[in-house]
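See below for the structure under consideration.
Structure representation (C-alpha cells):
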C-alpha cells in the first residue's frame, strides 16, 4: 500500500522545510530607569555611600525596654543571675566553713556615707567606719580642675579694706579741697559697710545678759576688757620637740600629682597645691570646680585611694562587692544619678542600695518615730520619721553647720586680740586648728561666761610648735548662737562667685524621672510665709465694727490685741525685735486688754493649709528656708508631722545627730526654746524631749551604724539595683526601687 503524497505548496510542506543557516539577530537592549538620589539635609556626606537620615523616635521599629512589660523581662533576667550568683556564693561559703575558716557574711558589703568634710566608709561587718577627710589636693596650675575656694571671713575682710580705702581717699580729698566738700554735702552716695558679725553682736550680748539675769548668774562685765588686754600681751612659747604631743609629719610632695585625705591637709603652704572638698551642702560642689567631669573624676580618685589604703580593696575585686550609699533627706536628684552612675560605670560594683540619712538614724537609735536633726559641717537637716516612714513634707535643709560656728568664733576672737596674728583660714592646718579649738571651748552653758584661760597650739612647718595662752569671756558662747540668729552668717560669701551647670540640667533632657525629692516641702514653705505679700486691709470696715461695738456696749466682741510674729515671721521684722530676744524665735506676748491699737489690725495670718502653692511663685523657697534659725526650722518640721498625736510623738523624741550636735549645752537650750514656738503655731505642746544618740556611739556615725544594722535584714534584698539592670534601664531603676523618688 502506498503512502499518501503531500501536495506541493501546502502549509505542512512549508513547515517541513529545513531552515537555511544564516547570521543571528542582535538581542533587544533593555533600558532601566535610574532612581533619583535622595537629598540628605543637615548632614555632611563624606562618602559616596548613602547616608541615612535621623531615626524617627516617635515611630520606632521595636518596643524593647519601652513598655513596662519589656522592663519586667530585664528584671527577671537580672534576678535570675542574682539567684545563681547567690547560690554559688553560699556553696563557696559552705566549703570555707567546712575547711575551718572564719566567714563574715557581710564582709563583701560596703557602706559609703559621703559628707561635706569627711567620708565615712567601711564594711557592714565593721563596728565603726573609717573616717577620712573628703578632700583632694592638686597643683594650683592644674588645668580645668578647680577655682579659688571660698575662705570664711575673706569677703568681710575684703569689704572692710575697700571701705577703709574709700574713707581714706575721701579724707584726703577733703584735706586737699578744704572743708568745702563737707559744707556742700557732696558724697558718693554709698553707705559705709558694716560687718554682719559686728552689726548683730551687741544684740546677742544683750540677750545673753538677760539670760544670765533670769538664771541669777552673776558675772563681772569688766572681764571683757581684761581679756582683751591680756590677749594683746601674750607671746608665743616654743615647745621642745621631745615634749611636743601635737607634732605631726608633714606631707612630702615627691613629684606626685595629687594627695587625698589627711595627706592633703598636711601639705606645706608653699607646696603649690590647692585643697578642695568635692561635696558642699551634702551635694556636689558646683561652686569650686570648672566642669562636672573634673569634679566626678576627683570624687572617683578619692574613693579609689580610700578603698585601697583604708580597706585594702583593689580595682580587680570591685565586682565582688555590694554597696549601700547613704544620701541626704533632701537634695538634687541629678546628683544622686551622677553618683550611682559613677559607682556602676567607673567602679563596676555588683549592686547598689540607697538609703536616706534620717531613715537610717532611727534604726541605729532603736526608735520608730522621731524628729531627726542632723547637724553637719556645712548643712543641717531636719526630718520627721513616723513609724519607720520618712515624712517628705517635714524635710528642711539649712545651709549652715559647724563650720559657721568656727568662722564666727574666729571673727569674735579677732576682735578680742587673738594672740596668733598670722592666722589664715585659707591654710588647711590652721582651719583644722581653729576647728579643734571650737570643739574644745564652745558651749551654750551660761555659767561659762567668765575669764577663762585656754591653750592654743600652732604647728609650724619649719621650727617648733608655738603655744599661746588665750583668754575668753563670752566669745565661746556667742559663736554657737549663730544657729539661732542667722544674721551673723554671711550667706552671700558662702555662695561664691557662681556655679557650674550639670550635664542633665539642660531643659531638652528627659530621663523619665520626675520626682519631689529636691522640690520645696510644706515645712520649707511654712518658714517663708513672711515673704508673701500682705493682704489688703479695709480700714473703714474695721473702724465701723469697733465703733459700733463700743456704741452698743456689745461685750461679746473682744478687745483687739497685738501679737508679735512667730518664728517663721521673725526674719522679716528682725530690725524691730526687742534686744532681749535673739532673731528667729520671738515668742509673742499680747498687749494689755484695755489698750487699743493706734493702727488698724491686720487680718489673722492664714493657716499653712489655706495658702495655695502658687502663692510662692517668684520666691526661692529652698534658698530662703535654708536661712531659718535652727529652733524655728525644728518647730516648722514638727508642725507638719500630721495629726495631733503624730506632732506630740515627734516633739517627744527629737534625735540630735551629726558632729555639730556634740556642742555642750545644746540639748537643754533647744528644749527650752521649742515649746513657745510650737504653742505660737497652735500646737498644745508643754515640753519637748531631746533624745541623745546611743551610749558609746559617736554622733557622727549614727546614720552609718543604722545602715549596718539594716544590712542584717532580709528586706534589704528588695532594694538592690544590679549593674546589668542599671545599664539596661538607667534612672528608671532608681524610681522603681526607692520610695522617696
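Numbering (our numbering), first residue to last: 1 to 741.
For each residue, glycine too, the CB sits at the ideal point set by N, CA and C.
All of these numbers come straight from a predicted model, not from anything done at the bench.
| Asked | Found |
| --- | --- |
| Could you say which of 663, 652, 406, 127 lies nearest to residue 104 if we only look at CA atoms? | 127 |
| Is it buried or exposed, residue 320, if we count other Cβ atoms within 10 angstroms and call 16 or more buried? | exposed |
| Quick one: residues in its chain with C-beta nearer than 8 Å to the C-beta of residue 443, no 5 flanking neighbours on either side, listed in chain order? | 476, 477, 480, 663, 664, 665 |
| Taking the continuous alpha helix (DSSP H) assigned at residue 130, which residues delimit it? | It is not in any alpha helix (DSSP H) - residue 130 instead sits in the beta strand (DSSP E) that spans 130-133. |
| Do you know how far the Cα of residue 426 is from the Cα of residue 739? | 41 Å |
| Report buried or exposed for residue 483, applying the criterion of at least 16 other Cβ atoms within 10 angstroms of its Cβ. | buried |
| Do you know offhand how far residue 670's Cα is from residue 256's? | 48 Å |
| Is the segment 456-467 in contact with the segment 392-400, if contact means three or more CB pairs nearer than 8 Å? | no |
| Measure the alpha-carbon distance for residue 453 versus residue 440 and round it to whole angstroms. | 12 Å |
| Considering only the alpha carbon of each residue, which of 242, 732, 717 lies closest to residue 324? | 717 |
| Taking the alpha helix (DSSP H) that residue 703 belongs to, which residues open and close that run? | 702-710 |
| Work out the CA separation of residue 110 and residue 668 for me, nearest whole Å. | 37 Å |
| Specify whether the segment 520-530 and the segment 618-627 touch according to this definition: at least 3 beta carbon pairs, one from each stretch, less than 8 Å apart. | yes |
| By the DSSP assignment, the beta strand (DSSP E) with residue 227 in it spans what residues? | Per DSSP, residue 227 belongs to no beta strand (DSSP E); it is in the alpha helix (DSSP H), 223-233. |
| Taking the alpha carbon of residue 697 as the reference point, which residue from 129, 612, 649 has its own alpha carbon closest? | 129 |
| Going by Cα to Cα distance, which pick from 472, 214, 434 is closest to residue 457? | 434 |
| Quick one, are the C-beta atoms of residue 630 and residue 380 less than 8 Å apart? | yes |
| Roughly how many angstroms lie between the CA atoms of residue 731 and residue 702, to the nearest whole one? | 29 Å |
| DSSP three-state label for residue 322, please. | strand |
| Can you tell me whether DSSP reads residue 299 as helix, strand or coil? | helix |
| Exposed or buried, what is residue 449 when buried is set at 16 or more other beta-carbons lying within 10 Å of its beta-carbon? | buried |
| Give the range of the beta strand (DSSP E) segment to which residue 442 is assigned. | Neither: residue 442 is in no beta strand (DSSP E) and is coded neither H nor E. |
| For the beta strand (DSSP E) that residue 472 lies in, which residues bound it at each end? | 466-472 |
| One question on the structure: do residue 747 and residue 134 come within less than 8 Å of each other, judged by their Cβ atoms? | As displayed, the chain neither begins before 1 nor continues past 741, which places residue 747 out of reach and without an answer. |
| Checking 8 Å against the spacing of the C-beta atoms, do residue 674 and residue 634 come in under that value? | yes |
| Measuring straight from C-alpha to C-alpha, what distance separates residue 649 and residue 446? | 30 Å |
| Among the residues of its own chain, which have a CB less than 7 Å from the CB of residue 705, if the five just before and after it don't count? | 364, 697 |
| Tell me the DSSP bridge mates of residue 139? | 273 |
| Going by other Cβ atoms of all chains shown within 10 Å of its Cβ, with 16 needed for buried, is residue 678 buried or exposed? | buried |
| Pick helix, strand or coil for residue 208, following the three-state DSSP scheme. | helix |
| To which residues of the same chain is residue 711 closer than 6 Å at the C-beta, ignoring the five residues directly before and after it? | 106, 109, 124 |
| Which two residues bound the contiguous alpha helix (DSSP H) that contains residue 679? | 666-680 |
| Checking contacts by CB at 8 Å: is residue 630 closer than that to chain D? | Considering every chain present, this structure includes no chain D. It has just one protein chain. |
| Grouping DSSP H, G and I as helix and E and B as strand, with all else coil, what is residue 29? | coil |
| Starting from residue 364, follow the alpha helix (DSSP H) in both directions and report where the run begins and ends. | 357-365 |
| Excluding five sequence neighbours on each side, which residues of the same chain lie with their C-beta closer than 8 Å to the C-beta of residue 82? | 351, 720, 722 |
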